[in-house]
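Counted from 1, the sequence shown has number 107 at position 107 by full-length UniProt numbering; the numbering is strictly sequential.
Structure first, commentary second.
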Amino acid sequence: MANLEVKWLYDVIALEESRSFTLAAKARNISQSSFSRRIQSLEASLGFSIFDRSANPLQLTNRGKIFVGYARNMLDDMDFQISRIKGLNNTTQKIRIDAAPSLSVLLLPEIIAGYTDRKNKTFHVESINVNDAVFNLKEGKSDFILSFYNEELMNYPFINHKIFDSYLHLVSPCDEHGRPLFHLHRGVLPLMKYANDSYMGRQVNQVIDRTPEITFSLTFVSSMSELLKRMILNGDGVGWLPQYSIQRELDEGRLTILDESLSLPIAPGSTAPARGLTRPPNVSGSTLKPVTNRGNNPLSR
């Protein structure tokens, strides 16, 4: 490790992004043979392979995924700290956040407000599905994510913090008197549903599979909670929605829970790499009043 050179870290980031020795060498403005030797020197210094060269396209090894994330954070922080030492007032630190669509609007404004030195930071936020958010975190492409329980992220090299407890409820739109427009066991229910490959979709599929006595007709599919909610409020059908996004509509009698035994517990939280240099600040919970059983939010810096 004593001979590890900073330029090698920039090399490995370039190769991770392009997955091509030819393209990465061109981006780094050196010959491909020299670039390959530098990657090999880095791997020799570390004592493990960063890339699986047998895969096409090139893939990171499990250790490589951890190292590349660490390298990216270390380079970002080094550039930021050097600029601060030089006294550059316009220096900003990039913080990359990926969030599930239903959580980004609810949580991110308060999380960002929790950074007391926001003027020195630039937040890059992507509202994407949970699968993509998890992939980006594992690949070292984000500083932290807001998502739901994922077994792959429960252990090192990740740090997890549950933000609050909530539920997915099967809800129906209501008429002007607050009565449900749809009823269980009264014919076929038009279903507004999350996509099968989404976290919410997988949870809902489990309930549908174990309740064959309820007949659904799939009429609308989306990964966006707000779009599903709008369709349901329009009277187009029923669907499972997170309680934190529909509490107002429940209180106003515009939506009603059809059967709480069909509700699913969910626990939104934040996940960051253990090696990361950026941590989300504490969330006070002041903007989370519609959420029940949220407890104290343990996000740490």
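Beta carbons: idealized from backbone N, C-alpha and C, even for Gly.
Quick check for students: name the residue ranges of the alpha helix (DSSP H) that lie wholly in the region 121-209, counting only runs of 4 or more. Fully enclosed alpha helix (DSSP H) runs of 4 or longer: 130-138.
If you compare alpha carbons, which of L258, H183, F220, I97 is closest to G269? Counting from 1 along the sequence shown, the entry for residue 269 is found at position 269. Checked all of L258, H183, F220, I97; the closest Cα to G269 is I97.
I need the DSSP call for T271, collapsed to helix, strand or coil. In the sequence shown, the residue the question calls residue 271 occupies position 271. When secondary structure is reduced to three states using DSSP, T271 falls in the strand class.
Below 8 Å between beta carbons: does that hold for L58 and Y10? The residue given as residue 58 occupies position 58 in the sequence shown. The residue given as residue 10 occupies position 10 in the sequence shown. Judged by their CB atoms, L58 and Y10 are not nearer to each other than the 8 Å cut-off.
Exposed or buried, what is I82 when buried is set at 16 or more other beta-carbons lying within 10 Å of its beta-carbon? Locating residue 82 in the sequence shown gives position 82, counting from the first residue. Result: exposed.
I believe R28 touches A44 by the beta-carbon criterion, under 8 Å. Please report the beta-carbon distance rounded to the nearest angstrom. Locating residue 28 in the sequence shown gives position 28, where the first residue counts as 1. Locating residue 44 in the sequence shown gives position 44, where the first residue counts as 1. The pair is not a contact, with the Cβ atoms about 19 Å apart (cut-off 8 Å).
Have a look at the DSSP bridge pairing and note the partners of K94. Taking the first residue of the sequence shown as position 1, residue 94 is located at position 94. Partner(s): T122.
Evaluate contact between the region 241-248 and the region 203-214, counting only Cβ atoms and requiring at least three cross-stretch pairs below 8 Å. Result no; under three Cβ-Cβ pairs closer than 8 Å.
Have a look at the DSSP bridge pairing and note the partners of G239. As a working note, residue 239 is residue 239 in the sequence shown. Answer by DSSP bridge pairing, in chain order: V171.
Using CA atoms only, rank isn't needed, just tell me which of S172, E16, E249 is closest to I232. Taking the sequence shown and counting its residues from 1, the one referred to as residue 232 is at position 232. If we check each option's Cα against that of I232, S172 comes out closest.
Would you tell me roughly how many angstroms separate the C-alpha atoms of S127 and N136, rounded to the nearest one? Here the question's residue 127 lines up with position 127 in the sequence shown. Here the question's residue 136 lines up with position 136 in the sequence shown. Each residue's Cα considered, the two are about 12 Å apart.
Please determine, among S198, S245, L189, G201, the residue with the shortest C-alpha to C-alpha distance to residue 332. Here the chain comprises residues numbered 1 to 301, so residue 332 is not present and cannot be evaluated.
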